[in-house]
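Visitor: With the UniProt record's numbering applied, the sequence shown has no gaps in its numbers, which climb one by one up to 296 at the end. All C-beta atoms, glycine included, are put in the ideal place defined by N, C-alpha and C. Take this structure, written in structure tokens, and hold onto it; I'll ask about it next.
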Amino acid sequence: MTMEAAAEFESHRPRLFSLAYRMLGSASEAEDVVQDTYLRWSAADRSAVRTPAAWLTKVMTNLCVNRLTSARARRELYVGPWLPEPVLTRTADGPLGPLETAEQRETVSLALLTLMERLTPPERAVFVLREAFGHSHREAAEVIGVEEAHARQLYRRARERLDRPRRHFAVDDTRRREIVERFFAATLDGDLAGLERLLADEVTAWADGGGRVTAARRPVTGRAKVLRYVLGLSSRPEAAAAAFVPAEVNGEPALLALLDGALLAVVVPEIHEGRVSAVRTIVNPDKLAFAAAQLA
């Protein structure tokens, strides 16, 4: 492959990664798919490629669709709740691209990425292409190789399956960050009354340990149960030894738990109507590898 062809691919790499991550919910798999796309680009007859961006997007999206098909079977055997791999997004030129608007942040939020597990691979492909990258129905259809009418149907089905109001980032950013900071402070201080005021009635906590480390195997639902759950976690001996660092993860305020510099956990609360409506904790070391590398 010529240096020009390699440089052409590298100019598209950030966009390809951010697309693959939204498709797969896994940073490590997104890196693998981008590399597979590079190998196909290096072997392609590039003289026949009129628009490299469109060619690369099509190849990579279909590689993601194939991976999602096989991933469904693997995730059915996953130990405990499955959550997406967290990605630090503290810089403007982060790996997930610009996150300047509520819509851009929502497409990488752990809440939406988790919900997208409900979609079939083609539905997810069309949804991501439309919602995150602004492709028309015709363009999305060309990418996945279907008729435009079918792409429209896939998109409509995806929206119906997700069945979510656009309210995840409705709270002002400053207010949302303030609520998250108060939640973490109350949790670490063991402030029972403070937590009761912050938790929504139907709050749910998920923990992804993947069978690698100890974590709740089922979601914990309801204010009283989640209250006991988070206070129990904060009282563990390892919590006393850990350092807790605020961060931005997938466009949302989060907390990192570090022990001797090693990343042990990523905790991301979800805010709705001024209260914590969900808490997602990733402790599976395989899921933390990408974020840990970002910290290095």
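1) Spatial neighbours of residue 36 within its chain, please: C-beta separation below 6 Å, excluding the five flanking residues on both sides.
2) Assign residue 66 to buried or exposed, taking buried as 16 or more other Cβ atoms, counted over all protein chains shown, within 10 Å of its Cβ.
3) Could you check if residue 163 is buried or exposed, using at least 16 other CB atoms within 10 Å of its CB as the buried criterion?
4) Let me confirm a value: residue 107 is counted as buried when at least 16 other C-beta atoms fall within 10 Å, else exposed. Which label applies?
5) Any chance you could list the alpha helix (DSSP H) runs of at least 4 consecutive residues sitting entirely within the stretch 186–271, in chain order?
6) Find out if the Cβ-Cβ distance for the pair residue 176, residue 285 is shorter than 8 Å.
7) Taking the alpha-carbon of residue 190 as reference, which of 55, 228 and 104 has the nearest alpha-carbon?
8) Below 6 Å CB to CB, which residues in the same chain sit around residue 69 once its five sequence neighbours on both sides are set aside?
9) Taking the C-alpha atoms as reference points, what is the distance between residue 279 and residue 219?
10) With DSSP as the reference, please indicate the residues paired to residue 88 in a beta bridge.
11) Relative to the C-alpha of residue 11, which candidate in 38, 260, 198 and 223 has its C-alpha closest?
12) So residue 21 and residue 30 are supposed to be a Cβ contact under 8 Å. How far apart are they, rounded?
13) How many angstroms separate the CA atom of residue 183 from the CA atom of residue 144?
14) Just the C-alpha distance for residue 147 and residue 155, rounded to the nearest angstrom, thanks.
15) Out of curiosity, what's the CA-to-CA distance linking residue 25 and residue 236?
16) May I ask which residues mark the beginning and end of the alpha helix (DSSP H) holding residue 277?
17) Helix, strand or coil, according to DSSP, for residue 310 in the structure here?
18) Using CA atoms only, rank isn't needed, just tell me which of 132, 28, 32 and 42 is closest to residue 2.
19) Within 10 angstroms of its Cβ, does residue 254 collect 16 or more other Cβ (buried), or is it exposed?
20) Starting from the Cα of residue 61, find the closest Cα among 101, 140, 87 and 88 and give me that residue.
21) What's the C-alpha gap between residue 249 and residue 90?
22) Could you name each continuous beta strand (DSSP E) segment of 3 residues or more that falls completely within the stretch 81–140, going from the start of the chain to the end?
23) Out of 251, 247 and 264, point me to the one whose CA is closest to residue 233's CA.
Guide: According to the structure shown:
1) 63
2) exposed
3) exposed
4) buried
5) 192–198, 223–234 and 237–241
6) no
7) 228
8) 121
9) 10 Å
10) 249
11) 38
12) 4 Å
13) 43 Å
14) 13 Å
15) 30 Å
16) Element bounds for residue 277: not the alpha helix (DSSP H) but the beta strand (DSSP E), 275–282.
17) There is simply no residue 310 to check, as the chain begins at 1 and stops at 296 in what is shown.
18) 42
19) buried
20) 140
21) 7 Å
22) none
23) 264
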